[in-house]
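Taking this note's numbering, the leading residue of the sequence shown gets 1237, the next gets one more, and so forth.
Ideal placement from N, C-alpha and C gives every residue a C-beta, glycine not left out.
Here the structure is a predicted model, which is why all the values come from computation and not from measurement.
All remarks here apply to the structure that follows.
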Amino acid sequence: MSAYVDELLAAVKAKNPAQPEFIQAVEEVAESLDVVMEKHPEYRAAKVLERIIEPERVILFRVPWVDDQSNVQVNRGFRIEMNSAIGPYKGGLRFHPSVNLGILKFLAFEQVFKNALTTLPMGGGKGGSDFDPKGKSDNEVMRFCQSFMSELQRHIGPNTDIPAGDIGVGGREIGFLFGQYKRLRNEFTGVLTGKGLNWGGSLIRPEATGYGAVYFAANMLETRKESLKGKTCLVSGSGNVAQYATEKILDMGGKVVTLSDSGGYIYDADGIDREKLAFIMDLKNVRRGRIKEYTDKYPNAVYASIDPTQDFNPLWNQKADCAFPSATQNEINEKDAQNLLNNGVYVVSEGANMPTTPEGVKLFLDKGILYGPGKAANAGGVAVSGLEMSQNSMRFSWSREEVDKKLQSIMKDIHTACVDAADRFGTPGNYVNGANIAGFIKVADAMMDQGIV
Ligand code: NDP
1237 MSAYVDELLA AVKAKNPAQP EFIQAVEEVA ESLDVVMEKH PEYRAAKVLE
1287 RIIEPERVIL FRVPWVDDQS NVQVNRGFRI EMNSAIGPYK GGLRFHPSVN
1337 LGILKFLAFE QVFKNALTTL PMGGGKGGSD FDPKGKSDNE VMRFCQSFMS
1387 ELQRHIGPNT DIPAGDIGVG GREIGFLFGQ YKRLRNEFTG VLTGKGLNWG
1437 GSLIRPEATG YGAVYFAANM LETRKESLKG KTCLVSGSGN VAQYATEKIL
1487 DMGGKVVTLS DSGGYIYDAD GIDREKLAFI MDLKNVRRGR IKEYTDKYPN
1537 AVYASIDPTQ DFNPLWNQKA DCAFPSATQN EINEKDAQNL LNNGVYVVSE
1587 GANMPTTPEG VKLFLDKGIL YGPGKAANAG GVAVSGLEMS QNSMRFSWSR
1637 EEVDKKLQSI MKDIHTACVD AADRFGTPGN YVNGANIAGF IKVADAMMDQ
1687 GIV
């Protein structure tokens, strides 16, 4: 690495000592950009990367609410408005007890490049809270969302910052958040995406991230004249992204043998077919149960708990061709990556954000497998959010087929942009470099045009 990148990373580490995920995300991007900076001294002179690393604005606020036992609870709310060079801030809200400033900054930083890759005019942002919706009643979730939006509403708007869902924020939470925004601002506007279909949502938005990750895998396979037909796939998670990745793998003739939640995973050698997937969707989205219950209904499958202190995740130690990590960051460590390779996996398409540690990524790249990093592979969700914004502006809605066609075409364009950038800068087949470089150049050029802001 050049002295420039070394110095930049040393400064980032010194300034953000308690933010390991943010540092990890910046390191990966800076390493990819080394060669770009050498060829474009104008970016260095204008300190474009140094500016991209600093959020334009960070909002941190108190979220007090009253639980069902009349106890007062206090959570923390955040919104990171990272970069608005190519459009208004756009990115999800995460409600999970692990949420902190560093995790949201990593997600917002990744979002800037991802949104640029979609070809749509969206800047990057991310937000959320350390609130845990698990085990809360609908009324508690509603009171929390109303309190959260009572503060957030003054910072967002359809032309300023448009949040969406992420871990722990699905259709129910978006509904409560939107209701409170509308009540306080007295306006019905597309300020959030992932809305219900009968109040401004887009068809295919719930499906988009999972479908997109599978389309991206299919695009990667196509470079080797292969398809997903007959491929055995490992999927982690059992939330929004995992469910729709599973559905699209089935559509394309593949077989899914695993799903998980934070308690454990199921392995179903017969494959998770449409009926079993419908059971999971009801279990997770309606009854809000645990994946363990799958084996009560389908006793041929096995359930095993995942011990977070163990140095590998047994889900990734199964014979397969493809893996779709769709739960959370750093869920594939070096040992997991090695296990995947030993078990024959040669396609990894990341539905989750940064699910593979740097050591794991290095193994995938050294081995030359088809590895699609999250900021490219899971961009389908925000892309359809962008399409939801367009439909809201036009007060018009596209059909399911139209949105799906646009999603497929955007995923194909992202794939091509990654391949071209990787080729152009001397690392053919490296989708990590391709995604980082293509996303960065679009944002950097806009920042150069807009002066030192
Ligand atoms: P959901 O909340 O719908 O589902 C998350 C799933 O991952 C659940 O099964 C959850 O299990 C599991 N999970 C969450 N945290 C952990 C953890 N620390 N360890 C193990 N399992 C965990 O979220 P999404 O499906 O929306 O998001 C999944 C990933 O995809 C995230 O990385 C998110 O950032 C990314 N993503 C999502 C997009 C979207 O449109 N929704 C867009 C782009 C990326 P449990 O229920 O036990 O917590």
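Heavy atom of the ligand NDP within 7 Å of residue i beta-carbon
i: residue 1565; result: yes
i: residue 1497; result: yes
i: residue 1485; result: no
i: residue 1614; result: yes
i: residue 1248; result: no
i: residue 1477; result: yes
i: residue 1562; result: yes
i: residue 1569; result: no
i: residue 1410; result: no
i: residue 1547; result: no
i: residue 1572; result: no
i: residue 1404; result: yes
i: residue 1589; result: yes
i: residue 1306; result: no
i: residue 1276; result: no
i: residue 1401; result: yes
i: residue 1429; result: no
i: residue 1396; result: no
i: residue 1365; result: no
i: residue 1445; result: yes
i: residue 1334; result: yes
i: residue 1474; result: yes
i: residue 1608; result: no
Pairwise C-alpha distance: residue j and residue i
i: residue 1290; j: residue 1682; result: 16 Å
i: residue 1542; j: residue 1548; result: 9 Å
i: residue 1299; j: residue 1602; result: 46 Å
i: residue 1655; j: residue 1351; result: 17 Å
i: residue 1619; j: residue 1427; result: 16 Å
i: residue 1528; j: residue 1538; result: 9 Å
i: residue 1416; j: residue 1280; result: 44 Å
i: residue 1634; j: residue 1435; result: 14 Å
i: residue 1723; j: residue 1262; result: This structure cannot settle anything about residue 1723, because the visible part of the chain is limited to 1237 through 1689.
i: residue 1686; j: residue 1425; result: 28 Å
i: residue 1488; j: residue 1387; result: 44 Å
i: residue 1410; j: residue 1500; result: 27 Å
i: residue 1678; j: residue 1285; result: 12 Å
i: residue 1588; j: residue 1689; result: 31 Å
i: residue 1575; j: residue 1414; result: 43 Å
i: residue 1377; j: residue 1524; result: 13 Å
i: residue 1572; j: residue 1593; result: 10 Å
i: residue 1680; j: residue 1672; result: 12 Å
i: residue 1224; j: residue 1448; result: The requested residue 1224 is not part of the displayed model; the chain covers only 1237 to 1689.
i: residue 1311; j: residue 1460; result: 49 Å
i: residue 1287; j: residue 1327; result: 19 Å
i: residue 1314; j: residue 1462; result: 43 Å
i: residue 1636; j: residue 1446; result: 16 Å
Any non-hydrogen atom of the ligand MN closer than 7 Å to residue i Cβ
i: residue 1438; result: You won't find the ligand MN in this model; what it holds is the ligand NDP.
Residue from the options whose Cα sits closest to the Cα of residue i
i: residue 1545; options: 1569, 1522, 1577; result: 1569
i: residue 1667; options: 1597, 1366, 1567; result: 1597
i: residue 1590; options: 1313, 1578, 1614; result: 1614
i: residue 1297; options: 1495, 1525, 1366; result: 1366
i: residue 1509; options: 1481, 1404, 1461, 1498; result: 1481
i: residue 1399; options: 1418, 1429, 1405; result: 1429
i: residue 1536; options: 1239, 1518, 1506; result: 1506
i: residue 1513; options: 1499, 1305, 1494; result: 1494
i: residue 1275; options: 1338, 1660, 1532, 1688; result: 1660
i: residue 1631; options: 1271, 1433, 1337; result: 1433
i: residue 1373; options: 1396, 1258, 1484, 1408; result: 1408
i: residue 1431; options: 1294, 1671, 1622, 1657; result: 1622
i: residue 1240; options: 1277, 1260, 1259; result: 1277
i: residue 1492; options: 1562, 1444, 1522; result: 1562
i: residue 1220; options: 1375, 1317, 1440, 1237; result: Residue 1220 is absent from the model: the chain starts at 1237 and stops at 1689.
Short CB-CB distance (under 8 Å) between residue i and chain D
i: residue 1449; result: In the structure shown, chain D does not exist; there is a single protein chain.
Assess, as a yes-or-no matter, whether the segment 1648-1663 is touched by the segment 1249-1256 under the definition of 3 or more beta carbon pairs within less than 8 Å.
no
Specify whether the segment 1465-1473 and the segment 1555-1567 touch according to this definition: at least 3 beta carbon pairs, one from each stretch, less than 8 Å apart.
yes
Entirely within the segment 1279-1322 and at least 4 residues each: give me those alpha helix (DSSP H) ranges in chain order.
1284-1289
Unbroken stretches of the alpha helix (DSSP H), 4 residues or longer, contained in the segment 1542-1598:
1570-1578
So, does the segment 1313-1327 touch the segment 1352-1368, judging by three or more C-beta pairs under 8 Å?
yes
Tell me the start and end of each unbroken alpha helix (DSSP H) in the segment 1363-1447 that is at least 4 residues and wholly inside, in chain order.
1374-1388, 1407-1421
Tell me, please, whether the segment 1338-1350 touches the segment 1635-1643 by the rule of three or more beta-carbon pairs shorter than 8 Å.
no
Three Cβ pairs or more, each shorter than 8 Å: is that satisfied between the segment 1572-1588 and the segment 1437-1453?
yes
Quick one: complete alpha helix (DSSP H) runs, 4+ long, within the segment 1596-1639?
1610-1613, 1616-1630
Mind listing, in chain order, the continuous alpha helix (DSSP H) runs of no fewer than 4 residues lying wholly within the segment 1452-1530?
1476-1487, 1510-1517
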